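*Asks:* Residue numbers (this note's numbering), protein chains in the order written: chain S, 1 to 343; chain Z, 1001 to 1289. We treat Cβ as the ideally placed atom computed from N, Cα and C, and that holds for glycine. All values reported here derive from a predicted model rather than from experimental measurement. Handing you a structure now.
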């Protein structure tokens, strides 16, 4: 019994809210008042953060490398667009959930393909599914609008009360609330026994199955949940920008997503959120320097990150905050340290 | 009946081309277990070198082809020695990120230098047009591709199976530690193989400008095709990727001819079905390392 109570003691200790986390969310909420003219870009960051959170669930916690996560984002985006366009579900919140559920069903169905085989096969299958969906969306252009995208989407007020305004204020609050709620859910998931078993699988699938973790079922479950998150992110994209085009499925979107997660660090949930902020800032910076060729700089960032080593970069980044904490608070507690990324 | 033969012929030419483009990847990814998504960038480099030499410097096409090979191989060996070799032991995620980064950089760099529009290579007159063989239209250029790629395939198979270098490579791949214990310089063998694979990709890139189209987004557009060849073909021999490329080439051409509306849908479906049925590829070994 002691072993079990030990585990639960540490798990509960880990799951406790830290002051830094509360400060993070207060800061996020106060952004609304700090930068009142920047709602659109902040909404963009929040969508990306939610999307990255979804990848973190499967990559950071379960170790599934996906090259086609945009598939679920795209399905969510088109679902939300079509629901609004044809007036099937007019209320944005319900439409959001429905779009997420559609992506979730797709995630469940494709998870059976993904859990088969090794890393390489997973890369291929995830990439293949995203490309397949892109080809399908292009093929059925009478439904999806083809390369022009879905046009003429008009969003109804949220809950019938808050209409989307042209400055994106409503969209920002809406996205932030959705992100926060889903973050709470993700936090609950990864700190539950289920989340712990996922980490066991990531570290060593064979050992995990030897101690009685049903590896495949757990992987299917988390992949499905991640698909739901990605679908919600896609639906938010459509709802706040009122457009959905073929590039929601693009490979670049999946690749950028990996970069965002890697910048922020995998396996502690905040990586996606911090990565999204840093990525968007980098993107703005590069686009002002060389508008057309920012892809080059993004590529360079990726190469440098890998060559220097992800863990080393995170140590450097966390050095400053940790020093402050040590000096000011006089203790050795560190700001969230990313899990080491075992191969 | 004749259209069937024409499709078969075009498909074989397309497949052969894919094989030359992808067989370097079959070695790095299949044998050395390194996920190199930037393989298409080497092909693009070869293609652009050839285009610049032929169009701007007035080199004859057949003189530019070997140079495309040599340049791509030189770039390959330079990158392997400086960057790639640090990543052989890293996780697949790191390899994926790194090579995606390289691909993005190459796309943007070529876009910057050469412009974003599709580029054509001026072909000698002897390669243009087609002739009839028993009522089947045979494109001269495609025939040349089949001949060149067919010869290359035979040569590769012979080198791998019969020569001393081939047996060293196979030994180094099967068990690097034991191979180096036997006095084989494993990093050198890998570097040489990597460079050769890049050179072949460069040659393939130069040859494919006419058929696949060459623009800065080449590495991204055809990445999936290279990966399909390797994963479907498996990595145990060179025959697997070869047959997979032929299957892919014929399937793609036939799919585009008979069900043009489905576009690339056919290929992706075939790939996913095959990977479900045989996760290690059609001709793969049972255990993937």
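(1) Of all the CB atoms in chain C, is at least one closer than 8 Å to the CB of residue 1101 of chain Z?
(2) Residue 139 of chain S touches chain Z at which residues, Cβ-Cβ below 7 Å?
(3) Just to confirm before moving on: does the CB-CB distance between residue 1238 of chain Z and residue 1156 of chain Z stay below 8 Å?
(4) With 7 Å as the limit, tell me which residues of the region 1214–1244 of chain Z have their beta carbon closer than that to any beta carbon of chain S; keep them in chain order.
(5) Which residues in the same chain have their Cβ closer than 8 Å to the Cβ of residue 4 of chain S, if we skip the five residues on either side of it in sequence?
(6) As a quick exercise: from Z:1261, Z:1244 and Z:1256, pick the residue whose alpha carbon is nearest that of residue 1274 of chain Z.
(7) If we ignore side chains and look at the alpha-carbon of each, how far apart do residue 1005 of chain Z and residue 1136 of chain Z end up?
(8) Cα separation between residue 99 of chain S and residue 66 of chain S?
(9) Check the Cβ of residue 298 of chain S against every Cβ in chain Z and list those closer than 7 Å, keeping chain order.
(10) Less than 8 Å between the CB atoms is what I'm expecting for residue 123 of chain S and residue 1096 of chain Z, so what's the real figure, rounded?
(11) What does residue 1098 of chain Z touch in chain S if you count any residue whose Cβ is under 8 Å from its own?
(12) Use the C-beta contact count for residue 56 of chain S: other C-beta atoms within 10 angstroms, 16 or more gives buried, fewer gives exposed.
(13) If you compare alpha carbons, which of Z:1049, Z:1159 and Z:1075 is closest to residue 1063 of chain Z?
(14) Under DSSP, the alpha helix (DSSP H) around residue 303 of chain S begins and ends at which residues?
(15) Secondary structure at residue 1134 of chain Z, three-state DSSP: helix, strand or coil?
(16) Answer yes or no: does any C-beta atom of chain Z fall closer than 8 Å to that of residue 246 of chain S?
(17) For a quick check, are the C-beta atoms of residue 1018 of chain Z and residue 1255 of chain Z less than 8 Å apart?
(18) What span of residues does the alpha helix (DSSP H) with residue 1179 of chain Z cover, start to end?
(19) Given that a residue counts as buried once 16 or more other Cβ atoms are within 10 Å of its Cβ, and exposed if not, what is residue 154 of chain S?
(20) Considering only residues of the same chain and omitting the five flanking positions on each side of residue 1288 of chain Z, which have a CB-CB separation below 6 Å?
(21) Just verifying my parser: in three-state terms, what is the DSSP assignment at residue 158 of chain S?
(22) Please confirm if residue 159 of chain S has its CB atom under 8 Å from at least one CB of chain Z.
(23) Measuring straight from C-alpha to C-alpha, what distance separates residue 1038 of chain Z and residue 273 of chain S?
(24) Have a look at the DSSP bridge pairing and note the partners of residue 1270 of chain Z.
(25) For residue 1134 of chain Z, which residues of its own chain have a beta-carbon under 6 Å away from its beta-carbon, when the five flanking residues on both sides are left out?
(26) Take the Cβ of residue 1027 of chain Z as the centre, count every other Cβ of all protein chains shown within 10 Å, and call the residue buried at 16 or more, exposed below.
(27) Along chain Z, which residues have their Cβ under 8 Å away from the Cβ of residue 131 of chain S?
*Replies:* Looking at the coordinates:
(1) No chain C appears in this structure, whose protein chains are S and Z.
(2) 1261, 1262, 1263 and 1265
(3) yes
(4) 1220, 1224, 1227 and 1231
(5) none
(6) Z:1244
(7) 7 Å
(8) 21 Å
(9) 1104
(10) 7 Å
(11) 302, 303, 306 and 307
(12) buried
(13) Z:1049
(14) 294–308
(15) coil
(16) no
(17) no
(18) 1176–1181
(19) exposed
(20) Confidence is the limiting factor: at residue 1288 of chain Z the pLDDT is only 40, short of 50, which leaves the residue's position unreliable, though a coordinate-based value still follows. 1280.
(21) strand
(22) no
(23) 28 Å
(24) DSSP lists no partner for residue 1270 of chain Z.
(25) none
(26) buried
(27) 1224, 1264 and 1268
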